[in-house]
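Let me begin by presenting the structure, written as structure tokens, before commenting on it.
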Amino acid sequence: MWLKPEEVLLKNALKLWVLERSNRYFVLQRRRGYGQDGGGGGLAGLLVGTLDAVLDSTSKVAPFRILHQTPDSQVYWSIACGASREEITEHWDWLEHNVMKTLSVFDSNEDITSFVQGKIRGLIAEEGKGSFIKEDDPEKFREALLKFEKCFGLPEQEKLVTYYSCSYWRGRVPCQGWLYLSTNFLSFYSFLLGAEIKLIISWDEISRLEKTSNVILTESIHVCSHGEDHYFSMFLHINETFLLMEQLANYTVRRLFDKETFESDQILHDPLQITKRGLESRAHSEQFSAFFRLPKEETLQEVHECFLWVPFCHFSALGKMCISENYICFASQDGNLCSVIIPLREVVGVDKADPASRGVSISIKGKRAFRFTDVKDFEQLVAKLRLKCGATSSPQHTTNPEVASSPDPDNLVDYYEGRSMGQKDSSKTVSTEALMTVFHPQDAENLDSKMLKEKMKEQSWNILFVECGRGVSMFRTRKTRDLVVRGIPETLRGELWLLFSGAVNDMATNPGYYTEVVEMSIGTSSLATDEIERDLRRSLPEHPAFQSDTGISALRRVLTAYAYRNPKIGYCQAMNILTSVLLLYAKEEEAFWLLVAVCERMLPDYFNRRIIGALVDQAVFEELIRDHLPQLTDHMTDMTFFSSISLSWFLTLFISVLPIESAVNVVDCFFYDGIKAILQLGLAVLDYNMDKLLTCKDDAEAVTVLNRFFDSVTNKDSPLPPAVQQASNLSNAKSDHPKVDITDLIREANERYGDIRYEDVQSMRSRNRLYVIQTLEVTTKQNVLRVVSQDVKFSPSDREELYELFKKEHFLSCYWSVNSSVLRHHDPSLPYLEQYRIDCQQFRVLYHLLSPWAYCANKDSLALWTFRLLDENSDCLINFKEFVCVLDTLYNGSFTDKLKLLFKLHIPPAFTEVESLSPSKGTELSKEELIHFSQLTVSSPVDSQEADALKSPEKAGKGKVDIQAYLKQWQDELLKKEENIKDLPRMNQSQFIQFSKTLYNLFHGDPEEELLYRAIAVVTSLLLKMEEVGRRLQSSTSPGKSPAVAVASTAEDQKKLQEENAPQQPESTKMQGPPSEDHEWSFAFEQILASLLNEPALVRFFEKPSDIKAKVETAKTSQLKARSRL
0 MWLKPEEVLL KNALKLWVLE RSNRYFVLQR RRGYGQDGGG GGLAGLLVGT
50 LDAVLDSTSK VAPFRILHQT PDSQVYWSIA CGASREEITE HWDWLEHNVM
100 KTLSVFDSNE DITSFVQGKI RGLIAEEGKG SFIKEDDPEK FREALLKFEK
150 CFGLPEQEKL VTYYSCSYWR GRVPCQGWLY LSTNFLSFYS FLLGAEIKLI
200 ISWDEISRLE KTSNVILTES IHVCSHGEDH YFSMFLHINE TFLLMEQLAN
250 YTVRRLFDKE TFESDQILHD PLQITKRGLE SRAHSEQFSA FFRLPKEETL
300 QEVHECFLWV PFCHFSALGK MCISENYICF ASQDGNLCSV IIPLREVVGV
350 DKADPASRGV SISIKGKRAF RFTDVKDFEQ LVAKLRLKCG ATSSPQHTTN
400 PEVASSPDPD NLVDYYEGRS MGQKDSSKTV STEALMTVFH PQDAENLDSK
450 MLKEKMKEQS WNILFVECGR GVSMFRTRKT RDLVVRGIPE TLRGELWLLF
500 SGAVNDMATN PGYYTEVVEM SIGTSSLATD EIERDLRRSL PEHPAFQSDT
550 GISALRRVLT AYAYRNPKIG YCQAMNILTS VLLLYAKEEE AFWLLVAVCE
600 RMLPDYFNRR IIGALVDQAV FEELIRDHLP QLTDHMTDMT FFSSISLSWF
650 LTLFISVLPI ESAVNVVDCF FYDGIKAILQ LGLAVLDYNM DKLLTCKDDA
700 EAVTVLNRFF DSVTNKDSPL PPAVQQASNL SNAKSDHPKV DITDLIREAN
750 ERYGDIRYED VQSMRSRNRL YVIQTLEVTT KQNVLRVVSQ DVKFSPSDRE
800 ELYELFKKEH FLSCYWSVNS SVLRHHDPSL PYLEQYRIDC QQFRVLYHLL
850 SPWAYCANKD SLALWTFRLL DENSDCLINF KEFVCVLDTL YNGSFTDKLK
900 LLFKLHIPPA FTEVESLSPS KGTELSKEEL IHFSQLTVSS PVDSQEADAL
950 KSPEKAGKGK VDIQAYLKQW QDELLKKEEN IKDLPRMNQS QFIQFSKTLY
1000 NLFHGDPEEE LLYRAIAVVT SLLLKMEEVG RRLQSSTSPG KSPAVAVAST
1050 AEDQKKLQEE NAPQQPESTK MQGPPSEDHE WSFAFEQILA SLLNEPALVR
1100 FFEKPSDIKA KVETAKTSQL KARSRL
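Numbering that gives the first Met the number 0 applies: residue 0 is where the sequence shown begins, and numbers increase by one.
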């Protein structure tokens, strides 16, 4: 590798380097302790190796280097280094042929040095064009990359993202070295006084990644993989390191376990484009958009520390101004003190305020302005914001100024909805009123005590609107939170839900979208629409709104439209309950955008087949219980109890367990505080029932206690009619249980657990996501192993090791190929056995690593035929059960089983004529040839029809399941177990010749090789004679056409060649040709079996035991290297 020229003092360099070659202008040196110094160069080699591991320059670490010198100068310039003698020699030869002749024309040494330096810099620029330009220090990064490639030997496609100096702890001993973070691996290397430590952990194997501290390690990063704990410390910037590790781990998890999300994410679609700077920027953008509830597409562009003037409090709040493409946001250092979101579509002017205070004034529609002071580079910021606002003043962003700022209590988004509804005549099918206003209109004349309290709440909010503003750009302060905790008034609930969730921004920037989606989704039929129809009348059935066609139709439209918008989620149970409540208080289009905000931003990955998001938050909940309610965790023997009871709390936001009049108050808090509100309320519920839970003897008793508690929760201030209130219907039956007011419960939850910060929750979510994913993977593995346990004789530990190798090979193919066919076929929604499958190329790698026949000369052909035999449905993929069953035959099968397998490999559909397109490679097949031969169809039309039938359930996976096809597949599998050797087809002439070749190849290198060759020659002759007898019996009716003489002579020639030169047999058999076009001879399996049984040497060969454990251990260490070679 060419290096940026650096000065080197030769007298110091000679202590660590040995001269290899030199000329007038260049010197080639070898590092002491390498090459000719032997195994390590003694003490000098150990010391040099230790220095190499610790120092931060590859030019000092690589075993070879080239220096540029000028005569009579003590200063040398390092210009190249190499990890091998071949690499450095290539550089040396290039210098001699391309540079040396040119240097003779220069008159001065300075000109020579300048020319050489310019040439080397030009080579570096050409070599790394586009590769390292995005790195902070391209030269230093090139050096680290060389060391990374030298130490770990990973494929060239593996992209190094960044590297850090740190200590790795082995017990209580720290080992100083280098941590390398690449797209697929976490790698560590250390070499101290002869002790080398090399650690490679793939991101998809990590189940725990967290920052920890204890007495010995003040601050460290804990990584858990396959149950092993690894600790790294002594980082210069531990927060930066951890953030990048977290990003890379989540990137890999999303890529390998959540392919739909990954494919829609163009930023991370190409692993080669990932950089340290890009990952950091992405992490900050995700935190920014999640905190302010902005669309996911927003990317954080600038952050300025400044003050914001809060007029109604008469003080300036210190915080950070965050700017993205379409928003200006501010949050105080104390997040609860003050925050503001200003969409650029609302901005009408950006001005410089008082220059002395470095102020920026932003005016929005409605004659309101925000004044930021102490802004660094405020003049440039004003210019940028003016440019942005000009760019965003397109028609789709214009907003009615009266709506944006008017304190009128009408709904904030009337204008948006009115405009979108008026665009098409079909909008008449969409409801424009919240169901609560239709079914429970308020009577302004007859105000009871509850309605008076409701009016007082409205008045409190109106006062807040006057102070803080109304609409998307209102100030959000502690007073806002206090009013939310008390419960949002019925008339304002829809508007404020839309505002706090961020759905108002989605709706404002996508006018008419909902109407279009409704039109396109009406009349569509899918699994999701069938499930929606089934659940429509189960959604709040006690509420009058959903006992009428008005409410049911609105619910159907919203759910169907969302399933059409997001087919990845489609429809999930619990979405109907949540949407029902949204429709009560929000107009139909508003309810749709609220559902979008909940499913895609506020509760990510909740509503899918594996409900990963809900499981992650349950793990967070368990962690909070351990921290805040330790006496409860001490009493409960199994923490999974909390997961089982709380799942419905998270999926339905307590709507399914609380009366509707109380549940809406919980939804109020959720839209303001996010998942933190649900976690706090869950802790408060457990705390309130602590004494009773501690006396429970089993889980059933604890569930009863909690159910009775939820039944007793009321909302004494709810203005809903008694007929609608669910708690009132239970008041008589549960009169002995004390009532609990929901407002008091929420207030207590905020007072006791309000110190749980949003940042802490997000950190716990990230940490537990890896754990949840790995737990689901363990479940998948256990189910697969249980399925195959009845069909194979391997021990449980061997089955588990083989599964890990199989899965690893699947992932290795996905690491360096975004468009991997295997990755496209990985679908977690499939049955456990079908989730991980491999193609022919991957099977060949595993076959070479694990098969006892892998030493065979035509091992590629054997791997190909075995794969074709296993691939019964011709989809060019096989699952773990098929893979492990063939290995079980090879290792644990009887003589007959192994011979039958070998026989079937040499007849259709497995057998196909294989000939490499590159004769120089011999029997070795390229990847393209292997894939080509694996896809050839040799089966009969009946077989292909059966294959299509087997494929049909998979094709229909997204739609309705073909039960008949699955039953037929199951029946066929049962019949296979009863397969009789008499049912096997006969082997023809060319197939038998190849069968004989394979046997000779298998025997090569065996201790009884000579004996085996003679035995197979005897068997071959015997079979040919048997066939000759059969032919003579047939030829008595038609003499003159018998091929027996030709066959016999061929057999005799073959036998002579076998006895004279057994190792040459594979070539000698090529002389065998078809004796007659009219009558080709063939053999039944029983004939071959009976003939081979007569030869004890052959029986011993096939029955000798093979050690799968040794093969597995070798495969575990060689699998990655095998992939690198490919």
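Glycine included, every Cβ here is placed at the ideal spot set by N, Cα and C. All values derive from a computational prediction rather than experimental measurement.
Proximal residues to residue i (C-beta, below 6 Å), its chain only, five neighbours per side dropped
i: GLU747; result: ALA683
i: LYS3; result: GLU138
i: VAL787; result: LYS880 and VAL883
i: GLN773; result: SER206
i: LYS1110; result: LEU849
i: SER539; result: Note on identity: in this sequence residue 539 is Leu, with Ser being the wrong assignment. Excluding positions up to five away in sequence, the list reads PHE545 and SER579.
i: ASN767; result: VAL615, ALA618 and VAL619
i: ASP55; result: Here ASP55 scores only 48 on pLDDT, less than 50, and its place in the model should not be relied on; the value that follows carries that caveat. Cβ neighbours of ASP55 beyond the five flanking positions: none.
i: VAL252; result: ILE772
Helix, strand or coil at residue i [DSSP, three-state]
i: GLY176; result: strand
i: GLN28; result: strand
i: HIS634; result: helix
i: VAL222; result: strand
i: VAL160; result: strand
i: SER360; result: strand
i: SER323; result: coil
i: ARG766; result: helix
i: ILE65; result: strand
i: CYS909; result: What sits at residue 909 in the sequence shown is Ala, not Cys. Coil, per DSSP.
i: ILE199; result: strand
i: ASP667; result: helix
i: PHE606; result: coil
i: PHE184; result: strand
i: ARG292; result: coil
i: ALA585; result: coil
Cut-off 8 Å between Cβ atoms - residues of its own chain near residue i, not counting five sequence neighbours on either side
i: VAL374; result: HIS303, CYS305, MET320, ARG357, GLY358, VAL359 and LEU380
i: SER331; result: LEU307, ALA316, LEU317, GLY318, CYS337 and SER338
Candidates the options: closest to residue i by CA position
i: PRO721; options: GLN1086, PRO543 and GLU204; result: PRO543
i: LEU1213; options: HIS313, PHE793, PHE151 and TRP815; result: This structure leaves residue 1213 out entirely; the chain is present only between 0 and 1125.
i: LYS715; options: ASN857, VAL739 and PHE810; result: VAL739
i: LEU242; options: LEU900, HIS283 and GLY365; result: HIS283
i: ALA1096; options: PHE894, TYR757 and ARG536; result: PHE894
i: GLY612; options: CYS598, LEU811 and LYS691; result: CYS598
i: LEU1171; options: GLU541, LYS295, ALA853 and THR240; result: Any question about residue 1171 goes unanswered here, given that the chain covers just 0 to 1125.
i: PHE329; options: PHE371, CYS312, ARG344 and PHE311; result: PHE371
i: LEU27; options: SER72, ILE111, HIS90 and PRO354; result: HIS90
i: LEU1022; options: LYS996, THR1116, ILE1087 and LEU558; result: ILE1087
i: ARG533; options: TRP496, PRO566, PHE438 and ALA573; result: ALA573
i: PHE805; options: PHE1101, TYR846 and VAL791; result: TYR846
Cutoff 7 Å: residue i Cβ touching any chain B Cβ
i: CYS223; result: Absent here is chain B; the protein component of the structure consists of one chain.
With a cut-off of 8 Å, do at least 3 Cβ pairs link the stretch 609–622 to the stretch 675–682?
Output reads yes: the stretch 675–682 touches the stretch 609–622.
Does the structure place the stretch 661–674 close enough to the stretch 480–498 that three or more beta carbon pairs sit under 8 Å?
Cβ pair count under 8 Å is three or more, so yes.
Segment contact flag, the stretch 829–845 with the stretch 765–783, C-beta cutoff 8 Å, min 3 pairs:
Contact holds: three or more Cβ-Cβ distances are below 8 Å.
Evaluate the contact criterion for the stretch 14–26 versus the stretch 76–96: three or more CB pairs, one atom per stretch, below 8 Å.
A contact exists between the stretch 14–26 and the stretch 76–96.
Check whether the stretch 573–589 touches the stretch 690–701, counting contact only when three or more Cβ pairs, one atom from each stretch, lie closer than 8 Å.
These segments do not touch.
Within the chosen definition, does the stretch 858–874 reach the stretch 836–850 through at least 3 CB pairs nearer than 8 Å?
Verdict: yes, contact present.
So, do the stretch 508–528 and the stretch 627–634 have three or more beta carbon pairs nearer to each other than 8 Å?
The stretch 508–528 is not in contact with the stretch 627–634.
For the stretch 520–534 against the stretch 554–567, do three or more pairs of beta-carbon atoms, one drawn from each stretch, fall closer than 8 Å, so that the two count as touching?
Result yes; three or more Cβ-Cβ pairs closer than 8 Å.
Completely contained alpha helix (DSSP H) runs for the stretch 801–868, where each covers 4 or more residues:
Runs of alpha helix (DSSP H) with 4 or more residues, each lying fully within the stretch 801–868, are found at 820–824 and 839–849, listed in chain order.
Could you say if the stretch 786–802 and the stretch 747–759 meet the contact criterion of at least three C-beta pairs nearer than 8 Å?
Verdict: no, contact absent.
Inside the stretch 442–469 only - alpha helix (DSSP H) runs reaching at least 4 residues:
Fully enclosed alpha helix (DSSP H) runs of no fewer than 4 residues occupy 448–467 of the stretch 442–469, in order along the chain.
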